[in-house]
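In terms of this note's numbering, the sequence shown opens at residue 3 and continues consecutively.
From the three backbone atoms N, C-alpha and C, an ideal C-beta is built for every residue, glycine too.
Because the structure is a prediction, the values reported are computed rather than measured.
Working notes, structure below.
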Amino acid sequence: MSPQSSAFRNLQLSTVFVNTFAAGLNLSLSFFVIPRLLESPTPLMLRQFKNMFRWSSRAFPLPVIACAISYWYMAYAFRHIPAKSRLFTAAGALCVTIVPWTKFVIHDINKKLFQKAEETKDMGIMAVGLTQEEEEGAKYLVDQWGLWNLGRNVGVTLGSALGLYAITS
Numbered sequence: 003m004s005p006q007s008s009a010f011r012n013l014q015l016s017t018v019f020v021n022t023f024a025a026g027l028n029l030s031l032s033f034f035v036i037p038r039l040l041e042s043p044t045p046l047m048l049r050q051f052k053n054m055f056r057w058s059s060r061a062f063p064l065p066v067i068a069c070a071i072s073y074w075y076m077a078y079a080f081r082h083i084p085a086k087s088r089l090f091t092a093a094g095a096l097c098v099t100i101v102p103w104t105k106f107v108i109h110d111i112n113k114k115l116f117q118k119a120e121e122t123k124d125m126g127i128m129a130v131g132l133t134q135e136e137e138e139g140a141k142y143l144v145d146q147w148g149l150w151n152l153g154r155n156v157g158v159t160l161g162s163a164l165g166l167y168a169i170t171s
């Protein structure tokens, strides 16, 4: 596919669109979903977090990885223009930073939250039987997840900005 073809242009635009959409959707977890979860009773919050995580862990990786592959394809297509090729390569690399960030930074928080969700799954909606420390600990972990998720989103957002810049430059 030639870099001047309309199909290639469509690939560029759709890649930046999907990348930006995924970044915004991931950002909305920290800004909108997590604060609403923190308003819930602890057992309900943990169940809802677990469901949210299951949904988002299935929804985010594929489009983000597809965007990275598309950026790298664009880098290859523009290999005769080194500056543009490097921009696309960097955009793809920034997209995949979500994977190591999740694996090395957020993984321990996820494990603790899933363990707490398992411990409270038979409690019903209200936090009857939980100590104040247990409730605060669970809410603290969910809040921490929301903060660390912001960091996870930085690479994806920068990847979309860099991809857009590479296309328009």
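Please classify R11 as buried or exposed, where buried requires at least 16 other C-beta atoms within 10 Å of its C-beta. Here residue 11 corresponds to residue number 9 of the sequence shown, with the count starting at 1. When all chains shown are included, R11 counts as exposed.
Within 7 Å, strictly: CB atoms of A25 and S162: The sequence position of residue 25 within the sequence shown is 23, counting from 1. The sequence position of residue 162 within the sequence shown is 160, counting from 1. In contact: A25 and S162 (Cβ atoms closer than 7 Å).
By a C-beta neighbour count over all protein chains shown, 10 Å radius and 16 as the cutoff for buried, is Q14 buried or exposed? Working through the sequence shown from its first residue, we reach residue 14 at position 12. The residue is buried, with at least 16 neighbouring Cβ atoms inside 10 Å.
Distance between N151 and A70 (C-alpha atoms, nearest Å): Indexing the sequence shown from 1 puts residue 70 at position 68. Indexing the sequence shown from 1 puts residue 151 at position 149. Whole-angstrom Cα-Cα distance: 19 Å.
How about F23: is its Cβ closer than 6 Å to a heavy atom in the ligand MN? Absence of the ligand MN from the depicted structure is noted, as is the absence of any ligand whatsoever, leaving it without description.
Please tell me whether L96 and G157 are closer than 7 Å, where the distance is taken between their beta carbons. Start at 1 with the first residue of the sequence shown, and residue 96 comes out as number 94. Start at 1 with the first residue of the sequence shown, and residue 157 comes out as number 155. Taking 7 Å as the Cβ cut-off, L96 and G157 qualify as a contacting pair.
Three-state class that DSSP yields for H109 in the structure shown: For the purposes of this step, residue 109 is taken as the residue at position 107 of the sequence shown. Helix at H109.
Buried or exposed by the 16-neighbour rule on C-beta atoms within 10 Å, applied to L64: By one-based count along the sequence shown, residue 64 stands at place 62. A residue is called buried once 16 or more other Cβ atoms fall within 10 Å of its Cβ, and L64, having fewer, is exposed.
Selected residue, minimal CA-CA separation from T170, among N112, T159, L89 and L149: The residue labelled residue 170 in the question sits at position 168 within the sequence shown. Nearest C-alpha to T170: L89.
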